[in-house]
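Following: one structure in structure tokens, then a few remarks.
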Amino acid sequence: DAGVTQSPTHLIKTRGQQVTLRCSPKSGHDTVSWYQQALGQGPQFIFQYYEEEERQRGNFPDRFSGHQFPNYSSELNVNALLLGDSALYLCASSFGAGSGEKLFFGSGTQLSVL
Amino acid sequence: GENVEQHPSTLSVQEGDSAVIKCTYSDSASNYFPWYKQELGKRPQLIIDIRSNVGEKKDQRIAVTLNKTAKHFSLHITETQPEDSAVYFCAAIPYNFNKFYFGSGTKLNVKP
Chain A
1 DAGVTQSPTH LIKTRGQQVT LRCSPKSGHD TVSWYQQALG QGPQFIFQYY
51 EEEERQRGNF PDRFSGHQFP NYSSELNVNA LLLGDSALYL CASSFGAGSG
101 EKLFFGSGTQ LSVL
Chain B
1001 GENVEQHPST LSVQEGDSAV IKCTYSDSAS NYFPWYKQEL GKRPQLIIDI
1051 RSNVGEKKDQ RIAVTLNKTA KHFSLHITET QPEDSAVYFC AAIPYNFNKF
1101 YFGSGTKLNV KP
């Protein structure tokens, strides 16, 4: 039973570029959430996808967008990259979008913006 | 929105001692409180969680307590071992969302 998988594991981009990160949820899960974790900080909620729609969003600009596919996998897109976007991007999956559903995290994509 | 504060930011204990990490939250509607352990370069892993209708939960050497009135919850690790060394994050989840609000983390170092 595969857990949450993310790709790529590492990525280096330059300012102004665009990036796409990918996530496959744990088997049996239908909800995907994305978090940004800066060095030495706790994860910060970006948004959540359920039934192929963005259901909730954190305090992130519109440069951050996403998508969920019929097989429940998801993508996170970031446009016009800034130096401050350098962070570990974590995908987490759960069964259902309701409150208190256990979250299972992937190993993350380490994004470095130069 | 919810605001979670976590203390201490670093904690160093001798192997075999106990460790306690505390978190406070601001939204009285929060009703789910998980704790995650993150080893260097690895994913956060759920180690224990508690819901607002329970005051205490224990799993072997790990326990979590919740005080809803004071809006704080704590992680207790007894008989610490070097493999407990990691960063621990608490989180609070509001009643009608599945948005996790994380604390800033506690780096636990267990000295052999």
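Note that the protein sequences, when read in sequence, are chains A and B.
Using my numbering, count along the first sequence one by one with no gaps and you end on 114.
Using my numbering, count along the second sequence one by one with no gaps and you end on 1112.
C-beta atoms are modelled at their ideal positions from N, C-alpha and C, and glycine is treated no differently.
Can you give me the C-alpha to C-alpha distance between residue i and residue j, rounded to a whole angstrom?
i, j, result
"Val1013 (chain B)", "Pro1112 (chain B)", "9 Å"
"Phe64 (chain A)", "Phe1073 (chain B)", "33 Å"
"Val113 (chain A)", "Val19 (chain A)", "10 Å"
"Asp1017 (chain B)", "Thr1080 (chain B)", "6 Å"
"Gln1006 (chain B)", "Cys1023 (chain B)", "4 Å"
"Ile1047 (chain B)", "Thr14 (chain A)", "37 Å"
"Phe104 (chain A)", "Gly42 (chain A)", "15 Å"
"Lys26 (chain A)", "Phe95 (chain A)", "9 Å"
"Gly98 (chain A)", "Ala1019 (chain B)", "32 Å"
Go ahead and pull the three-state DSSP assignment for residue i.
i, result
"Leu114 (chain A)", "coil"
"Pro1034 (chain B)", "strand"
"Glu53 (chain A)", "strand"
"Glu1056 (chain B)", "strand"
"Glu75 (chain A)", "strand"
"Leu83 (chain A)", "helix"
Give me whichever residues DSSP pairs with residue i in a beta bridge.
i, result
"Tyr1095 (chain B)", "Bridge partners of Tyr1095 (chain B): none, in fact."
"Leu1046 (chain B)", "B:Tyr1036"
"Ser1009 (chain B)", "DSSP output for Ser1009 (chain B) lists no bridge partner at all."
"Ala38 (chain A)", "Beta-bridge pairing links Ala38 (chain A) to no other residue."
"Ser7 (chain A)", "A:Arg22"
"Lys1124 (chain B)", "Chain B is shown only over 1001 to 1112; residue 1124 (chain B) falls outside these bounds and no answer can be derived."
"Lys13 (chain A)", "A:Val113"
Mind listing the chain A neighbours of residue i? Cutoff is C-beta to C-beta under 8 Å, in chain order.
i, result
"Gly1105 (chain B)", "Gly40, Gln41 and Gly42"
Between which two residues does the beta strand (DSSP E) harbouring residue i extend?
i, result
"Leu88 (chain A)", "Ala87 to Ser94"
"His67 (chain A)", "Phe64 to Gln68"
"Arg22 (chain A)", "Val19 to Ser24"
"Lys1022 (chain B)", "Ala1019 to Tyr1025"
"Phe1100 (chain B)", "Careful: Phe1100 (chain B) lies outside any beta strand (DSSP E) and carries neither H nor E."
In chain A, which residues lie less than 9 Å from residue i when you measure between Cβ atoms?
i, result
"Pro1008 (chain B)", "Within chain A, no residue comes near Pro1008 (chain B); the closest Cβ sits about 14 Å away, beyond 9 Å."
Taking residue i as the query, report the chain B residues whose CB atoms sit under 8 Å from its CB, ordered along the chain.
i, result
"Lys102 (chain A)", "Pro1034, Leu1046 and Asp1049"
At 7 Å on the CB atoms, spell out the chain A contacts of residue i, in chain order.
i, result
"Phe1089 (chain B)", "Gly42"
"Phe1102 (chain B)", "Gly42 and Pro43"
Less than 8 Å between the CB of residue i and some heavy atom of the ligand PLP, yes or no?
i, result
"Pro1112 (chain B)", "Within the structure as shown, the ligand PLP is missing, as the structure has no ligands at all."
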